[in-house]
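There are 4 protein chains.
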Amino acid sequence: MSKARLEAFSDGIIAVAITLLALDLTVPVPGHGALLPQLGDHWPQFAAYAVSFFTIGIIWVNHHARVSQIAMVDRTLLFINLVLLLFVVLIPFATATMATYLTSGSEDSHIAMAVYAVVLEGMALSFSAMFEWSLHEGRTHVVVPIDQRRAQRLRTSIGALVYAGVFGVAFISAPLSLALAGVSAIYYIFAPVPRGTAGPEPEELESGSE
Amino acid sequence: MSKARLEAFSDGIIAVAITLLALDLTVPVPGHGALLPQLGDHWPQFAAYAVSFFTIGIIWVNHHARVSQIAMVDRTLLFINLVLLLFVVLIPFATATMATYLTSGSEDSHIAMAVYAVVLEGMALSFSAMFEWSLHEGRTHVVVPIDQRRAQRLRTSIGALVYAGVFGVAFISAPLSLALAGVSAIYYIFAPVPRGTAGPEPEELESGSE
Amino acid sequence: MSKARLEAFSDGIIAVAITLLALDLTVPVPGHGALLPQLGDHWPQFAAYAVSFFTIGIIWVNHHARVSQIAMVDRTLLFINLVLLLFVVLIPFATATMATYLTSGSEDSHIAMAVYAVVLEGMALSFSAMFEWSLHEGRTHVVVPIDQRRAQRLRTSIGALVYAGVFGVAFISAPLSLALAGVSAIYYIFAPVPRGTAGPEPEELESGSE
Amino acid sequence: MSKARLEAFSDGIIAVAITLLALDLTVPVPGHGALLPQLGDHWPQFAAYAVSFFTIGIIWVNHHARVSQIAMVDRTLLFINLVLLLFVVLIPFATATMATYLTSGSEDSHIAMAVYAVVLEGMALSFSAMFEWSLHEGRTHVVVPIDQRRAQRLRTSIGALVYAGVFGVAFISAPLSLALAGVSAIYYIFAPVPRGTAGPEPEELESGSE
Numbered sequence: 001m002s003k004a005r006l007e008a009f010s011d012g013i014i015a016v017a018i019t020l021l022a023l024d025l026t027v028p029v030p031g032h033g034a035l036l037p038q039l040g041d042h043w044p045q046f047a048a049y050a051v052s053f054f055t056i057g058i059i060w061v062n063h064h065a066r067v068s069q070i071a072m073v074d075r076t077l078l079f080i081n082l083v084l085l086l087f088v089v090l091i092p093f094a095t096a097t098m099a100t101y102l103t104s105g106s107e108d109s110h111i112a113m114a115v116y117a118v119v120l121e122g123m124a125l126s127f128s129a130m131f132e133w134s135l136h137e138g139r140t141h142v143v144v145p146i147d148q149r150r151a152q153r154l155r156t157s158i159g160a161l162v163y164a165g166v167f168g169v170a171f172i173s174a175p176l177s178l179a180l181a182g183v184s185a186i187y188y189i190f191a192p193v194p195r196g197t198a199g200p201e202p203e204e205l206e207s208g209s210e
Numbered sequence: 211m212s213k214a215r216l217e218a219f220s221d222g223i224i225a226v227a228i229t230l231l232a233l234d235l236t237v238p239v240p241g242h243g244a245l246l247p248q249l250g251d252h253w254p255q256f257a258a259y260a261v262s263f264f265t266i267g268i269i270w271v272n273h274h275a276r277v278s279q280i281a282m283v284d285r286t287l288l289f290i291n292l293v294l295l296l297f298v299v300l301i302p303f304a305t306a307t308m309a310t311y312l313t314s315g316s317e318d319s320h321i322a323m324a325v326y327a328v329v330l331e332g333m334a335l336s337f338s339a340m341f342e343w344s345l346h347e348g349r350t351h352v353v354v355p356i357d358q359r360r361a362q363r364l365r366t367s368i369g370a371l372v373y374a375g376v377f378g379v380a381f382i383s384a385p386l387s388l389a390l391a392g393v394s395a396i397y398y399i400f401a402p403v404p405r406g407t408a409g410p411e412p413e414e415l416e417s418g419s420e
Numbered sequence: 421m422s423k424a425r426l427e428a429f430s431d432g433i434i435a436v437a438i439t440l441l442a443l444d445l446t447v448p449v450p451g452h453g454a455l456l457p458q459l460g461d462h463w464p465q466f467a468a469y470a471v472s473f474f475t476i477g478i479i480w481v482n483h484h485a486r487v488s489q490i491a492m493v494d495r496t497l498l499f500i501n502l503v504l505l506l507f508v509v510l511i512p513f514a515t516a517t518m519a520t521y522l523t524s525g526s527e528d529s530h531i532a533m534a535v536y537a538v539v540l541e542g543m544a545l546s547f548s549a550m551f552e553w554s555l556h557e558g559r560t561h562v563v564v565p566i567d568q569r570r571a572q573r574l575r576t577s578i579g580a581l582v583y584a585g586v587f588g589v590a591f592i593s594a595p596l597s598l599a600l601a602g603v604s605a606i607y608y609i610f611a612p613v614p615r616g617t618a619g620p621e622p623e624e625l626e627s628g629s630e
Numbered sequence: 631m632s633k634a635r636l637e638a639f640s641d642g643i644i645a646v647a648i649t650l651l652a653l654d655l656t657v658p659v660p661g662h663g664a665l666l667p668q669l670g671d672h673w674p675q676f677a678a679y680a681v682s683f684f685t686i687g688i689i690w691v692n693h694h695a696r697v698s699q700i701a702m703v704d705r706t707l708l709f710i711n712l713v714l715l716l717f718v719v720l721i722p723f724a725t726a727t728m729a730t731y732l733t734s735g736s737e738d739s740h741i742a743m744a745v746y747a748v749v750l751e752g753m754a755l756s757f758s759a760m761f762e763w764s765l766h767e768g769r770t771h772v773v774v775p776i777d778q779r780r781a782q783r784l785r786t787s788i789g790a791l792v793y794a795g796v797f798g799v800a801f802i803s804a805p806l807s808l809a810l811a812g813v814s815a816i817y818y819i820f821a822p823v824p825r826g827t828a829g830p831e832p833e834e835l836e837s838g839s840e
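Protein chains in written order, with my numbering: chain A, 1 to 210; chain B, 211 to 420; chain C, 421 to 630; chain D, 631 to 840.
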């Protein structure tokens, strides 16, 4: 039951955070020119909204897959989960900051995009911490054999590696960095996952029974 | 279980989105004349709020009916569902933009209403994509016979057709277009649905057992 | 299942609406005098927040009690429930408007309080509509005998009567009207309810089993 | 069922309140200097966000533990729970006020931090009221022996004592007071809890079965 409530609470926070993304979209104020070009000028807001929406969507899928394999909830896991959610809830703020400066053409565009990447990195590292926590005996339904841990740890670290890349590219070009984050999110939704790993499992997702 | 969590996550997002509609209603600032005429001048906000509220309400009913017939969840469905929710979460922004320009009397009123229609169209097309996805064997509890697919595809496309109409009328008169969207939402709540189709089914809705 | 999802959706909307009330509380901007007197000047916001919080809390309790007795969900009930939620979601806006003008000392204070009462009245009348809907055979688990309908209809109308009173008093004194709404909400939480009626039932509330 | 809905409703409100914390984070407006130093100047917002996030996280854990031991729901408990949630929903406002004045260096920094402490104190006292309510026979699954009540009452009062300390330190130094609140939240997550008390129980948290 505790686990069910952990899932429900996390789901609630993730659902609210993904919806608050839309509050970052500003309605053009009348009297500042025609509406359509104004909306066009806001393209960074819309692009940032879409990328963050799919990113949080992926977090939800991954959170679901990870927690479904956990067999017990202790205070360390609660803490790791809270830190993970703390970064998820920061995403709307980081998205708004990034979108505001994305096309500023100055050093600030790099900084704003880097801040965005740092928030996503914090989220990814929390997932890695959750994986490390789950390696102890009795904490998951299926124990990961020691000789497979290295491979799984690598898989779990992909998110952290991707966002490190997003961080690095931010200092070359903020829009390119955003595109990289967006492509990664879409790719991750469709990425094939080998059976029997700690990652999201297709056979589990395909079971529609309750 | 996966399907139950998909429903719960979607319900959460839809519930937050419908509630955020009210954030678009602006409180008149004291010192700008009497309150009652000011509230009267805000009628586009209230009309837009009501139309969007019932529209999202219908989306929730339809989402429920559609997902209840699905037998498995795969990554393509997760993606389609995320795209659907992306448009749902855009509705408060589109509503605020539309309400702001509804009575501007300029070209912008047409553009703002058209933007609103595009968001609803994106949502309706996502529903159509979900229907096409569900045609493959084993994805729904009850398979749709091939000779009935054409009729069902038409039914599923009604929303997309209505919002195409709303889009078209937007360029004639924005308030008329809003009225059309409102009438459609109310109509859809009460529309009789033939039994045995993929649409929302009365007999299912009437079963109160859990 | 349909009923369970109706409850979950309604609960979600009510939970978000009650939380959005806090967005109406404005943080004093530095440079406009000492903080404590500024917060003191905001007392209408805090009073309005508390009254609306308990009012929505009561709505949640009553909604729960009403729906728990319903045996089937049809499209008319879905529509009535959406109208009820439409008014619930308007409460944060009505609260903010009322709090802004509560102490303006002008005609606007009466208007703002009356608008607040109208929103609560709309919510109460939706509850009455839900009661009338439930009188048809087969729509509730326990049928209300015809000779008890009059008494129950009266009970169900108490909310509508109270808010009519709040509306009337609004034109005498807005703060007095707010106090009446607050006292009613607190009273209603503790009001004894005769067993076997359509109202919230103590024996049901007291059962802690899931 | 009533208890399950009480939990779900409380969870929903707590999840929304914790997410609204992020709305207090303001995006620096372009044209006011470089982005990075501006974000650095906003450190009180980030520190306040983190402390309040973990504080609400702890409230959720404690609420879960407390309610799990309750055997019945009556109107008094509903009222106490609403008062508790009223204070939880105030936390984003109190956090924003506190963060705005934290480094103002004036008397207002003490006042703002004290307001924050008062809100947390109100929440902690609501928990104590819930404990006192639960002492009557039949209200919890496991009755607390009379000779253990004193010890348990003390344990339950720790939160109220801590926030009284936070209140007192607020008048010495607001940042120090915030640090105390933060350390307390983190400590409470990991605090060992003696078995068999009314507090959150490790063995219960460790059971991952649904």
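Where a beta carbon is used, it is the ideal one built from N, C-alpha and C, also for glycine.
Below 9 Å between beta carbons: does that hold for Leu-459(C) and Thr-515(C)? no
For Pro-200(A), count neighbouring Cβ atoms within 10 angstroms of its own Cβ and tell me buried if that reaches 16, exposed if not. Caution applies to Pro-200(A), whose pLDDT of 40 falls short of 50 and renders its modelled position unreliable; the value that the coordinates give is listed next. With 16 or more other Cβ atoms within 10 Å, it is buried.
Beta-carbon separation of Ile-280(B) and Arg-349(B) under 9 Å? yes
Along the alpha helix (DSSP H) that carries His-484(C), what are the first and last residues, could you check? 463-488
Near Lys-213(B), which residues of its chain fall below 6 Å by C-beta distance, leaving aside the five closest residues on each side in sequence? Val-283
Sub-9 Å separation of Ile-644(D) and Ile-710(D) beta-carbons: no
Cross-strand partners of Thr-656(D) (DSSP beta bridge): Its beta-bridge partners do not exist; DSSP assigns none.
Can you say whether Gln-362(B) is buried or exposed, counting buried as having 16 or more other CB atoms within 10 angstroms of its CB? buried
Please tell me whether Ala-99(A) and Tyr-163(A) are closer than 9 Å, where the distance is taken between their beta carbons. no
Run of the alpha helix (DSSP H) containing Ser-756(D), from where it starts to where it stops: 737-764
Roughly how many whole angstroms lie between the Cα atoms of Ala-218(B) and Ala-370(B)? 25 Å
If you draw a straight line from the alpha carbon of Gly-243(B) to that of Gly-31(A), how long is it in whole angstroms? 21 Å
Are the region 795-814 of chain D and the region 773-780 of chain D touching by the rule of at least three beta carbon pairs closer than 8 Å? no
Going along the region 741-761 of chain D in order, which residues come within less than 8 Å of chain C, judged by CB to CB distance? Ile-741, Ala-742, Val-745
Taking the alpha carbon of His-273(B) as the point to measure from, which residue in Leu-364(B), Val-393(B), Ser-336(B) has its own alpha carbon closest? Ser-336(B)
For Leu-235(B) and Val-352(B), what's the separation of their Cα atoms in angstroms? 44 Å
Can you list the residues of chain A that Ile-648(D) reaches, using a CB-CB cut of under 8 Å? Ile-13, Leu-85, Val-89
Does the beta-carbon distance from Val-436(C) to Gly-642(D) come in below 9 Å? yes
Is the shortest distance between the beta-carbon of Glu-217(B) and the beta-carbons of chain C less than 9 Å? yes
Is the CB-CB distance between Ser-134(A) and Arg-66(A) below 9 Å? yes
In chain A, which residues lie less than 7 Å from Phe-723(D) when you measure between Cβ atoms? Chain A residues near Phe-723(D): none, gap ~17 Å exceeds 7 Å.
Have a look at Phe-53(A) and Ser-316(B) and give me their C-alpha separation to the nearest angstrom. 33 Å
Within chain A, partners of Ile-819(D) - CB distance below 7 Å: Arg-75, Leu-78, Phe-79
On the CB-based measure, 16 or more other CB atoms within 10 Å of its CB, does Leu-498(C) come out buried or exposed? buried
Exposed unless 16 or more other CB atoms sit within 10 angstroms - verdict on Asp-318(B): buried
Using beta carbons (cut-off 9 Å, strictly below), is Pro-238(B) in contact with chain F? Absent here is chain F; the protein component of the structure consists of chains A, B, C and D.
At the level of alpha carbons, what is the spacing between Leu-300(B) and Leu-714(D)? 33 Å
Please compile the residues from chain C whose C-beta is within a distance smaller than 8 Å of the C-beta of Tyr-731(D). Pro-450, Leu-455
Determine the DSSP secondary structure at Ala-828(D), reduced to helix, strand or coil. In this prediction, Ala-828(D) has a pLDDT of 39, which is less than 50 and means its spatial position is unreliable; what the coordinates show is noted afterwards. In the structure shown, Ala-828(D) sits in coil (DSSP, three-state: anything other than H, G, I, E or B).
List the endpoints of the continuous alpha helix (DSSP H) containing Glu-137(A). Counting along the chain, Glu-137(A) falls outside any alpha helix (DSSP H), and DSSP gives it neither H nor E.
Contact list for Ala-442(C) against chain D, beta-carbon separation under 9 Å: Ala-647, Leu-650, Val-719, Leu-720, Ile-721, Pro-722, Phe-723
For a quick check, are the C-beta atoms of Leu-292(B) and Ile-189(A) less than 9 Å apart? yes
Proximal residues, the region 691-704 of chain D versus chain A, C-beta separation under 7 Å: Val-691, His-694
Can you find the residues in the same chain that come closer than 7 Å, C-beta to C-beta, to Ser-157(A), ignoring five residues on each side of it along the sequence? Ser-128
Consider the Cβ of Leu-808(D): report whether some Cβ of chain A lies at a distance smaller than 9 Å. no
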